[in-house]
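Peer 1:
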Amino acid sequence: QPWKLIYEPSASPGPIADFPTISTQRPATAGSAGINLITQEDCVFDFPHVVHILPLQLTGPLPTGSVGLILPRSSASKKGLFVVPGVMDTDYEGIIKIQIYSNIPQTINKGDSWAQLIILPVPMPGQPSTVRRGDGGFGRGKNSPLTASHTP
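Residue numbers (the UniProt record's numbering): 1 to 152.
Rendered as structure tokens:
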């Protein structure tokens, strides 16, 4: 199997209270589309095509009625790093994490920024759930099965 997922955040990434929330952050410049996401710890890629999940120095939630798109910064691919794009729900309250892999052995350092968070408005149909979201992320929600239909 060419791909391997490794979950390697430190045993104790630090209390959520130690990190700023999204509401306190701004893009680096007036023309920047996203908020730079800063890594919380070092990450070693010993061999290629290993996906790491890295905690960041930022927590949710997003502003009500918005969605967060986690995308790579343009400098990431120049270094052989690939950030897996992701969606952050408006009510996620935990430490934000990214999925990242490298096609060459290398180390990325605590404090590096290889991803950005772009916040966009999103219509929220229906009634909101009263279930409080945790901090697990990456498919840990209790979702109903997805169904689709097509009318020709």
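All residues carry an ideal CB built from backbone N, CA and C; glycine is no exception.
Using the Cα positions of G31 and D18, report the straight-line distance between them to the nearest angstrom.
Peer 2: 29 Å
Peer 1: Are at least three pairs of beta-carbons, each pair with one atom in the region 77–90 and one in the region 60–68, less than 8 Å apart?
Peer 2: yes
Peer 1: Alpha carbon to alpha carbon, what distance is there between P72 and P48?
Peer 2: 18 Å
Peer 1: Could you spell out the range, first to last residue, of the alpha helix (DSSP H) harbouring S75?
Peer 2: 74–78
Peer 1: Under a Cβ-count criterion, where at least 16 other Cβ atoms within 10 Å of its own Cβ denotes burial, should K79 be classed as buried or exposed?
Peer 2: exposed
Peer 1: Anyone know if the C-beta pair for P55 and I95 falls short of 7 Å?
Peer 2: yes
Peer 1: Would you kindly work out how many angstroms separate the C-alpha atoms of T24 and V122, rounded to a whole number?
Peer 2: 20 Å
Peer 1: Could you tell me whether the Cβ atoms of residue 160 and S113 are closer together than 7 Å?
Peer 2: Residue coverage of the chain in this structure runs from 1 to 152, which leaves residue 160 outside it and unanswerable.
Peer 1: Applying the 10 Å Cβ sphere with the 16-neighbour rule, what's the burial state of I104?
Peer 2: exposed
Peer 1: Are the beta-carbon atoms of E41 and K97 separated by less than 7 Å?
Peer 2: no
Peer 1: Just grab the DSSP bridge partners of I119 for me.
Peer 2: G68
Peer 1: Spatial neighbours of S10 within its chain, please: C-beta separation below 7 Å, excluding the five flanking residues on both sides.
Peer 2: Because S10 carries a pLDDT of 48, less than 50, the predicted location of this residue cannot be relied on, and the following value inherits that uncertainty. Result list for S10: E41, in chain order.
Peer 1: Considering only C-alpha positions, which residue in the set P27, P85, R26, S102 is nearest to V51?
Peer 2: S102
Peer 1: If you compare alpha carbons, which of I22, F45, F82, S74 is closest to Q99?
Peer 2: F82
Peer 1: How many whole angstroms separate the CB atoms of I22 and L58, which I take to be in contact at a CB cut-off of 8 Å?
Peer 2: 6 Å
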